[in-house]
Amino acid sequence: MPLDRERIVAAAIALADEGGLEAVSLRKVAARLNAGPMRLYGYISTKQELFDLMVDEVHAEILPAEQPGDWREALRILAHRTRQAALRHVWLADLLGGRPTLGPNGMAVTEAKLAALDGFVDIDTVLRAVETVSSYLTGAIRREIANLRAERVTGLSKREWQRASGPHLTKMLATGRFPALTKAVHDGTDVDAETSFATGLDWVLDAVAAKLTRPPA
Numbered sequence: 000m001p002l003d004r005e006r007i008v009a010a011a012i013a014l015a016d017e018g019g020l021e022a023v024s025l026r027k028v029a030a031r032l033n034a035g036p037m038r039l040y041g042y043i044s045t046k047q048e049l050f051d052l053m054v055d056e057v058h059a060e061i062l063p064a065e066q067p068g069d070w071r072e073a074l075r076i077l078a079h080r081t082r083q084a085a086l087r088h089v090w091l092a093d094l095l096g097g098r099p100t101l102g103p104n105g106m107a108v109t110e111a112k113l114a115a116l117d118g119f120v121d122i123d124t125v126l127r128a129v130e131t132v133s134s135y136l137t138g139a140i141r142r143e144i145a146n147l148r149a150e151r152v153t154g155l156s157k158r159e160w161q162r163a164s165g166p167h168l169t170k171m172l173a174t175g176r177f178p179a180l181t182k183a184v185h186d187g188t189d190v191d192a193e194t195s196f197a198t199g200l201d202w203v204l205d206a207v208a209a210k211l212t213r214p215p216a
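Shown next, in the form of structure tokens:
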């Protein structure tokens, strides 16, 4: 079967889904496609270019079929779809937050974010708002993925890790040096990752809403 960029990117994504970005190289992708490595250079020149194409392909999964009319719902849907894509493709967390994605799908996602706020405030405020939401997404997703990776590496679930760490934590809290942390541990409510993500997102959107005042007619 002849090579094309679509097949090459699909093979690279499959490798990354199985073994992370470290499992991706032009040589390994070529082997996956039963092709000589040199054949790939006719389509892709560097591994970074391949990563950019992989990210753009995953952005096609993020873009919803329709753009909601409500700005808050539009940004919320994009945020949750970004998280869901990252949970399907864990390696995406390592490539979020860098330079803007300039492929057609990445640009379409950016367009959807900007369009959601278009007309409410001046463009600089729109840009800062989108940056703020995007920064929250990057941090929250990376934290969640880091915890999932820790579970895989240690073989301990969150609950099992908490039980194993309990004696040490109890000893440290008993020193009285960490009163605020002690209160959080004893009185705080532990929530799942999805609830934590949704709550934090709502707070960020509340902050954006406070900045949105329609320009005078």
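Per numbering that gives the first Met the number 0, the sequence shown starts with residue 0, numbered consecutively. The beta carbon of each residue, even a glycine, is placed where N, CA and C say it ideally should be.
Shortest Cα-Cα distance from glutamate 130 to any of Gly118, Lys112 and Gly175 involves Lys112. Under the DSSP assignment, glutamate 193 falls in the alpha helix (DSSP H) whose first and last residues are 192 to 210. With the rule of 3 Cβ pairs closer than 8 angstroms, the region 171 to 188 does not count as touching the region 19 to 37. One alpha carbon belongs to glycine 199, the other to aspartate 205, and they sit about 10 angstroms apart. Cβ neighbours of glycine 105 within its own chain (closer than 8 angstroms, five residues either side excluded): Val54, Asp55, His58 and Pro99. The C-alpha of isoleucine 140 lies about 6 angstroms from the C-alpha of arginine 82. Contact holds between the region 13 to 20 and the region 87 to 98, because three or more Cβ pairs, one in each stretch, are under 8 angstroms apart. For aspartate 117, the pairing in a beta bridge is given by DSSP as Val120.
Val108 is the residue among Gly102, Asp51 and Val108 whose C-alpha sits nearest the C-alpha of isoleucine 76.
Per DSSP, phenylalanine 177 lies in no alpha helix (DSSP H) and is assigned neither H nor E.
Shown here, isoleucine 43 sits in coil according to DSSP, grouped into three states, outside any helix or strand. In the three-state DSSP reduction, histidine 79 falls in the helix class (H, G or I). Cα atoms of glycine 102 and lysine 210: separation of roughly 30 angstroms, rounded to the nearest angstrom. Within the same chain, Cβ atoms closer than 8 angstroms to the Cβ of alanine 15 are found at Ala22, Val23, Met53, His88 and Trp90, the five residues on either side in sequence being excluded.
Here alanine 208 is exposed, its C-beta having fewer than 16 other C-beta atoms within 10 Å. Shown here for tyrosine 42: same chain residues with a beta carbon closer than 8 angstroms to its own, the five before and five after excluded, namely Leu2, Asp3, Arg4 and Ile7 in chain order. Take the alpha-carbon of asparagine 146 and the one of lysine 182: they are about 23 angstroms apart.
Its Cα nearest to that of valine 184, the residue Lys170 stands out among Ala13, Lys170, Glu143 and Glu193. Per DSSP, the continuous alpha helix (DSSP H) segment holding glycine 18 begins and ends at 4 to 18.
Nearest in C-alpha terms to alanine 78, of all of Tyr40, Ile12 and Gly138, is Gly138.
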